[in-house]
Amino acid sequence: MDLHPDTFFQERLSGEVTLWFPAVVVFAAAVVQAGFVGLFVSSVDRLIPYQGLLDPAMPMVPISCLIAECVIWVLLAAYFWIFTPGPAGSPRQNSFKKTLAVSGYGRIPVVIGYIILAVLFVVVWPMAGIAPTPGEKYYEYLDAEAEMRVYLDQNLPEILTTTGSELRVLPLQREVQSLQREAREEALAGYSQVIDQVKQSPVMIAFFAAAKGLLVILILWGGTIMAFGLKQAAGISMKASAILVAVPVGLQILLLVMSGPMP
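Under my numbering, the first residue of the sequence shown carries the number 811, and numbering increases by one thereafter.
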């Protein structure tokens, strides 16, 4: 297989264009991004003494990443399809299917980049020295819940058979529920403290700066891939193709730079 961009796209965009591989690339890009986000969230979650505090958000991560990747894929393809001129004196040659293929192949660097970032994060995170947050209320809540369970186990027959005895359980339930609310509030405050530590850690500051630099390189790499692909898909010059690709590439870099300390 010839990996020179011109030859690569000439082989894949001439004749019947198939989208299974670009679709796989887009899906893989969503998976690796979700994996990286999940790795970060789970690392933070382990420092907070409230089991499963961030669990409700976890199912949304892969769904959000997949939706975002599909939207980017289709929007890029639509942009290329709308604004790419056809060759002078001949009908427009580039179909929407071809631009879908081009924008899909352009996501290959995303897959590679987030795999690299995940590996680097695993190496760097233990070096950051992020301290776990205290969890006094959480442990009080666990103790109170355990005491209530013991009481229920020991007195369940009496509670079930004696009228009014269930009222003795209500104060225990209220205490457990109150401690649970306080423990959750404590955990949410602890989450904010951990994020502040991450933002202030020299190791993590360096990691996120390197991550942004890597992502800029990957965006430019993806833009180069799409420029070669668009050239073959539309039969236009490399200069015209590069100008068209420069708009979404520049927008992605601008959004990345403006996103704050963490990409």
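Cβ coordinates follow ideal geometry from the N, Cα and C atoms, glycine included.
Given the structure is predicted, the values throughout are model-derived calculations rather than measurements.
Could you tell me which of the options sits nearest to residue i, measuring between CA atoms?
i: residue 1085; options: 883, 855, 843; result: The structure shown has nothing for residue 1085, since the chain only spans 811 to 1073.
i: residue 991; options: 881, 947, 1059; result: 947
i: residue 989; options: 1066, 963, 952; result: 952
i: residue 890; options: 1068, 1051, 1069; result: 1051
i: residue 820; options: 909, 845, 1039; result: 1039
i: residue 884; options: 1022, 838, 832; result: 832
What's the C-alpha gap between residue i and residue j?
i: residue 898; j: residue 1045; result: Model confidence at residue 898 stands at a pLDDT of 44, short of 50, so the residue's coordinates are unreliable and nothing is read from them.
i: residue 1062; j: residue 886; result: 12 Å
i: residue 1075; j: residue 984; result: No answer is possible for residue 1075: the residues shown for the chain start at 811 and end at 1073.
i: residue 996; j: residue 858; result: 9 Å
i: residue 817; j: residue 915; result: 14 Å
i: residue 933; j: residue 1009; result: 17 Å
i: residue 954; j: residue 942; result: 23 Å
i: residue 1064; j: residue 987; result: 47 Å
i: residue 1056; j: residue 1016; result: 28 Å
Residue i and residue j look like a contact to me (Cβ under 8 Å); what is the Cβ gap, rounded to whole Å?
i: residue 928; j: residue 849; result: 6 Å
i: residue 921; j: residue 835; result: 7 Å
i: residue 798; j: residue 935; result: Outside the shown range of the chain, which is 811 to 1073, sits residue 798, and nothing can be said about it.
i: residue 823; j: residue 910; result: Their Cβ separation, rounded to whole angstroms, is 11 Å, which puts residue 823 and residue 910 out of contact at 8 Å.
For residue i, count neighbouring C-beta atoms within 10 Å of its own C-beta (all shown protein chains included) and say buried if the count is 16 or more, exposed if not.
i: residue 855; result: buried
i: residue 870; result: exposed
May I ask which residues mark the beginning and end of the alpha helix (DSSP H) holding residue i?
i: residue 821; result: 815-823
i: residue 930; result: 918-934
i: residue 939; result: Element bounds for residue 939: n/a, residue is neither H nor E.
i: residue 1030; result: 1012-1044
i: residue 849; result: 830-855
i: residue 879; result: 870-893
i: residue 944; result: Residue 944 -> no alpha helix (DSSP H), and no H or E assigned at all.
i: residue 1058; result: 1048-1067
Measuring from the CB of residue i, is there a heavy atom of the ligand FAD at a distance below 8 Å?
i: residue 958; result: Absence of the ligand FAD is noted for the structure shown, with no ligands found whatsoever.
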